[in-house]
Amino acid sequence: MPTYAYACKDCGHAFDIVQSFSDSSLTSCPECEGTLRKKFNSVGVVFKGSGFYRTDSRDSKGSSVSPAAAPAPAAPAAAPAASAPAAAAS
Numbered sequence: 006m007p008t009y010a011y012a013c014k015d016c017g018h019a020f021d022i023v024q025s026f027s028d029s030s031l032t033s034c035p036e037c038e039g040t041l042r043k044k045f046n047s048v049g050v051v052f053k054g055s056g057f058y059r060t061d062s063r064d065s066k067g068s069s070v071s072p073a074a075a076p077a078p079a080a081p082a083a084a085p086a087a088s089a090p091a092a093a094a095s
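Last residue of the sequence shown: number 95 in the working numbering, and the count goes up by one each step with no gaps.
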């Protein structure tokens, strides 16, 4: 169950309480019966870095792309007919 932090708007009393997700938020201060506000803390898990990729956890030796899914190599460009040796000989 998560721990929530509350602070009283009237007297400044601050406290933490363990509540279930289904429990409603507290509204009155246990010290002065004033109005409570829920304090929001930073998240417990922080992901840092440029990103996460499917190849991050793979072995660097093997290929991550199967040969059937790999793009076909580009075909060499055809030479113009005027510079081809067979065309010049005839």
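Glycine included, C-beta positions come from ideal geometry on N, C-alpha and C.
These numbers were taken from a predicted model, which means no experiment stands behind them.
If you check the beta carbons only, do residue i and residue j fall under 8 Å apart?
i: histidine 18; j: glutamate 36; result: yes
i: cysteine 13; j: leucine 41; result: yes
i: lysine 44; j: tyrosine 11; result: yes
Quickly, what does DSSP pair residue i with across the bridge? List them, please.
i: leucine 31; result: Answer by DSSP bridge pairing: none, since leucine 31 is not bridged.
i: valine 23; result: Thr8
i: lysine 44; result: Ala10
Could you round the C-beta distance between residue i and residue j to whole angstroms and report it? I think they count as a contact, below 8 Å.
i: threonine 32; j: aspartate 21; result: 16 Å between Cβ atoms; not a contact.
Let me make sure I understand the geometry here. Which of the options has the alpha-carbon closest to that of residue i?
i: serine 27; options: Ser47, Met6 and Cys34; result: Met6
How many angstroms separate the CA atom of residue i from the CA atom of residue j?
i: serine 55; j: serine 30; result: 37 Å
i: cysteine 34; j: valine 51; result: 32 Å
i: valine 48; j: glutamine 24; result: 17 Å
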